[in-house]
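Novice: If you read the protein sequences in the order shown, they are chains C and W.
Heads up: the first sequence begins at 4 in this note's numbering, then just goes up one per residue.
Heads up: the second sequence begins at 3 in this note's numbering, then just goes up one per residue.
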Amino acid sequence: MSLAEWTTAASDYAERIDNIFWLLCTVSGLILLLVMALVITFVIRYRRGSQVERGELPPSLKHEVEIGWTAATLFLFLFIFWWAASAELAALSPPRNALEIHVVAKQWMWRFQHPGGAREIDTLHVPADTAVRLAMTSEDVIHDLYLPALRLKQDILPDRYTYLSFTATKPGTYYLTCAEFCGTDHSRMGGKFVVLSPAEYARWTAAQPEGDDLAHQGEALFRTLGCSGCHTPGSSVHAPDLRGVYGRLVHLSDGRTVTADEAYLRDSILLPNKDVVAGFSPIMPSFKGVATEADLVKLIAYLKSLSASASRQGAPP
Amino acid sequence: MTEVATDMTLPFAPVEETGAASYLDEGHTIMSWLATTDHKRIAILYAVSITIFFFIGGAAIALVRLELIEPHGWFLTSDAYNRLFTLHGIIMVWFFLVPSIPATMGNFLLPLMIGARDVAFPRLNLLSWYLYVIGAAFTVYVVIAGGVDTGWTFYPPLSSNYANGQVVAAAAGVFVVGFSSIATGVNFIVTTHMLRAPGMTWFRLPLFCWSMYTVSLVMVLATPVLAMSLLLIVAERAFGLPVFDAAHGGDPVLFQHIFWFYSHPAVYIMILPAMGVVSEIFACFARRQVFGYAFMVYALLAIAVIGFMVWGHHMFVAGQSQLANLVFSFLSFMVAVPSAIKVFNWIATMYRGQIGFEAPMLYALGFLGLFTIGGLTGLFLASVPIDVATTDSYFVVAHFHTIMVGGTVSAFMAGIHYWWPKVTGRLYHEFFAQFAAITMFLGFNVTFLPQFVMGWQGMPRRYHTYPEVFQVWHVISSLGAGILVVAYTLPLIYLGWSLFRGERASDNPWHATGLEWQTPSPPPKENFHHVPVIDAEPYMYHETGHPREPGEPTPVREQGE
């Protein structure tokens, strides 16, 4: 393993962050030099018994000096804040139509599920020059996906979704690792982060054994787990129609309105009584322990694909 | 005794002979110490206790640094490694750094500096030490019973549902020792408000007293929140109350908010007293008034207040909103302003001074260096995108060790040497002390500067094994830790020697201006026989400072206002 696997800046964002880092190094280096120069000068010049002029400062000067360096420090810090924050804000707007890869972390391994159906353990392949969005959850404790080459990390919470968006630009093999202490083998929870050119990524995906994409696997699960028994138009059981549910505003029986994102769909499968849709009875059983994390990823991918096809057909949002 | 007799000219020295000459002679039995309510003796009890825990916590991290010489480890299992760094964190934070300066020097000096006979609640003061001992007993039990491996931060669900160690006992120890902090804080606040001698107005208080006052406010307001967070962890682990369990509608991030609401101010609990100590020392060893005294006071207060509003900067990658990240980032930059002002003021205090290089001053200069490096790297971490890149890496480890450990321990050692003659009535060996001070500064930088480098390169923290590319930095860092072992054990030896064989100290060997120096060394039980009356500002070194050596011409041509 070479140091470059850690330190290469593999995205435009990472290069911007490096620039901020080096600017901060320069500014702090200058301040440190100033402090050291002053201390060394004073300590030598005003050492005990040296024959140099010593007297009182005029009180007005004292006051001006104090206000002067307070203001200077304040403005310098405001400038650094603004510069760093603006870089952060620019990277904030999440890319549209990003390639969405699901990440499940558990003690002490990573599982990645690609939209094309490919699955991999402890290695993540992504296409370069393509917006990628990782949707991440944990099966046990808090983990943190750290991609040093992208200067990015994000905590991964159990029973919650967190996201990490990036566009890698430099193909290569880098490192990925866990940055949040997660128990015994925390330090061994690492792997490879491989950035491929888009064409290579397409070839790689096609070569994976799991032929079917996530949404189709989810559709199969939707039937085998029995979801379709109720959530199908015309079913004898009164259950919400799930076509186009993803991304929609849902009115709940307790008066709240929520957006049906991944977290909502997941909670509705595992904790069906938490957010009951207005007009329906809380009769759905929990699928906790029945549907695994991998199943949930597939089911949610399926539900999202229903939304995509619904909006293409011009159905109401 | 003879010293006391010859120095009777000091303005507030006791004029009547009493049975016992000093607080040290008020009984020599074990019970005379364990049942004492004298703030000076309680300070000694604390000093002994925290020294023991400092060396336990230090031994734990010495093993860790030794293990890290090899990328794949060579004598510890991963579980043992995790338990050692957890133990190091818990002991060093709660059983050394938090009580370090307030419970020892604060207890000993606050009443002396404000001209009081004791703290406001002497028995509460003794109780606080017993609470510390009970908390410490829990921690010793944790060590014997196999340790705990959650990290000192106790994040759920690792701590509540997954960790195998003694989480409940460890949390109980920290919970109990927290009340010791609260008791000390309450005591200091009331003491400062009620027991100041006549003429000791708020703006005549030495900066050390101000630092004790502000740190007490933080301890009293923040520590209950720590108690709360630990109780909830115990409730979840022992009784299954799913407060932080998202599968039952709880929130694991909620714990981090509560925990850091205490633990960020806790950083200021460690560093504010250090600022107070070095302010005394810079003034004394530069023979100058502290530059910008009023600004120094306002800066202490500003740090204490803003320090409560920056906890979210520990959670930039924990899943809090981007808006929250920016607000916490902004406030973190703001809290750095008063800290920077203090650095400039300490430097300006040396301007036109008459600077001596005894050990306390060398430690204080070391503090200045480490505090500046630690503070500047804090600006990196306050910037959201840099923090996202470097949080949970060795960069953070190096940052907080440099500022809160390097800063606090340097100031602690500075204070120990500065007030050693007052506390013990004896002098320490100056050359060894100067040597230890320089060794500590060098050792600290050799240990932690490499960690900044490898942290930026991506080395994650709390790693038992690591890629070979980082080995060179780890080896240098472990070498630095070896230097620190020398720097920390050396004082134990020469100060221990001084305790029994050291030359007797005069009442005011530094020719300092503080009230604590106007009474015999060591002070009598009641501190002052006559209540002192104060009619001047602190640090009047230009007017009242004695020349350092007899016959040396006074350098100050123009006298102070």
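Heads up, the beta-carbon is just placed ideally off N, CA and C, and yes, glycines get one too.
Computed from a predicted model, the values in this text were never measured in an experiment.
(1) Cβ of W/Arg239 within 8 Å of Cβ of C/Phe184?
(2) Please report how far the alpha carbon of C/Arg19 lies from the alpha carbon of C/Ala182, in whole angstroms.
(3) Less than 8 Å between CB atoms is the rule here; does W/Gly547 satisfy it with respect to chain C?
(4) Residues of chain C with CB under 8 Å from W/Phe335, in chain order?
(5) Who are the near neighbours of W/Val6 in its chain, counting only those whose CB is closer than 7 Å to its CB and skipping five residues on each side?
(6) State the DSSP-derived secondary structure class of W/Phe56, mapped to helix, strand or coil.
(7) Enumerated in chain order, which unbroken segments of the alpha helix (DSSP H) with a length of 4 residues or greater are wholly contained in the segment 417-463 of chain W?
(8) Using a beta-carbon distance cut-off of less than 9 Å, what residues from the segment 181-193 of chain C approach chain W?
(9) Does DSSP put C/Ala7 in a helix, a strand or coil?
(10) What residues from chain C crowd round W/Asn84, counting only those whose CB sits closer than 7 Å?
(11) Output needed for C/Val280: all residues of its chain with C-beta closer than 8 Å, excluding positions within five of it in sequence on either side, in chain order.
(12) Quick one: which chain C residues come within Cβ less than 8 Å of W/Phe181?
(13) Mind checking which residues open and close the alpha helix (DSSP H) that includes W/Val176?
(14) Please name the residue in W/Ile63, W/Asn347, W/Leu234 whose C-alpha comes closest to that of W/Val399.
(15) Using a Cβ-Cβ cut-off of less than 8 Å, give me the residues of the segment 273-301 of chain W that come near chain C, in sequence order.
(16) Per DSSP, what kind of secondary structure is W/Gln520 in: helix, strand or coil?
(17) In this structure, how does DSSP classify C/Phe196 when only helix, strand and coil are distinguished?
(18) Taking C-beta pairs closer than 7 Å, name the residues in chain W that C/Glu123 reaches, listed in chain order.
(19) Here's the rule I'm using: 16 or more other beta-carbon atoms within 10 Å means buried, otherwise exposed. How should C/Arg154 be labelled?
(20) Have a look at W/Phe330 and W/Gly314 and give me their C-alpha separation to the nearest angstrom.
(21) Going by C-alpha distance, which of C/Arg259, C/Met287, C/Asp158, C/Thr170 is nearest C/Ser231?
(22) Just curious, the beta strand (DSSP E) that C/Gln116 is in, first and last residue?
(23) So, do the segment 146-164 of chain W and the segment 210-227 of chain W have three or more beta carbon pairs nearer to each other than 8 Å?
(24) Work out the CA separation of W/Lys344 and W/Arg290 for me, nearest whole Å.
(25) Am I right that C/Thr176 and C/Val197 are in contact with their C-beta atoms under 8 Å? What's the rounded C-beta distance?
(26) Can you give me the start and stop residues for the beta strand (DSSP E) that C/Tyr166 sits inside?
(27) Is W/Val50 buried or exposed, if buried means 16 or more other CB atoms sit within 10 Å of its CB?
(28) With a threshold of 6 Å on Cβ separation, who are the neighbours of C/Tyr204 within its own chain once the five nearest residues in sequence on each side are excluded?
(29) Can you pull the chain C neighbours of W/Tyr465, defined as C-beta to C-beta under 8 Å?
(30) For C/Asp21, which residues from the same chain have a beta carbon less than 7 Å from its beta carbon, with the 5 sequence-adjacent residues on both sides left out?
(31) Could you list which residues in chain C have their beta carbon closer than 7 Å to that of W/Thr374, in chain order?
(32) Under a CB-based cut-off of 8 Å, is W/Pro16 close to chain C?
(33) Quick check on this structure: which residue in C/Leu6, C/Asn100, C/Arg136, C/Arg99 has the alpha carbon closest to the alpha carbon of C/Phe115?
(34) For the segment 186-260 of chain W, which segments carrying the alpha helix (DSSP H) assignment without a break, of at least 4 residues, lie completely within its bounds, in sequence order?
(35) How would you label C/Trp339, buried or exposed, when you count the other beta carbons within 10 angstroms and need 16 or more for buried?
(36) So what does DSSP say about C/Met328, is it helix, strand or coil?
Specialist: So, from the data block:
(1) no
(2) 22 Å
(3) Because W/Gly547 sits at a pLDDT of 38, beneath the cut-off of 50, its placement in the model cannot be relied upon, and the following sentence gives the value as read from the coordinates. No, W/Gly547 lies away from the interface with chain C (no Cβ there is under 8 Å from its Cβ).
(4) Phe80, Leu81, Ile83, Phe84
(5) Residue confidence is low: W/Val6 scores 39 on pLDDT, short of 50, so the model does not pin down where it sits. Its coordinate-derived value is still stated next. Ala23, Pro522.
(6) helix
(7) 432-459
(8) Cys181, Ala182, Glu183, Phe184, Cys185, Gly186, Thr187, Asp188, His189, Ser190, Arg191, Gly193
(9) helix
(10) Thr187
(11) Pro243, Val253, His254, Leu255, Ser256
(12) Neighbours of W/Phe181 on chain C: none; closest Cβ ~28 Å, over 8 Å.
(13) 169-196
(14) W/Ile63
(15) Ala288, Phe293, Gly294, Phe297
(16) helix
(17) strand
(18) Simply none; closest approach about 21 Å.
(19) buried
(20) 6 Å
(21) C/Met287
(22) 112-116
(23) no
(24) 16 Å
(25) 5 Å
(26) 165-170
(27) exposed
(28) Pro130
(29) His189, Ser190
(30) Ala12
(31) Leu35, Val38
(32) Reliability of the predicted coordinates at W/Pro16 is poor, the pLDDT of 48 falling under 50, and no value is obtained from them.
(33) C/Arg136
(34) 209-241
(35) Outside the displayed range of chain C (4 to 320) lies residue 339 of chain C, so it cannot be described from this structure.
(36) The question about residue 328 of chain C has no answer here: the residues shown for chain C are numbered 4 through 320.
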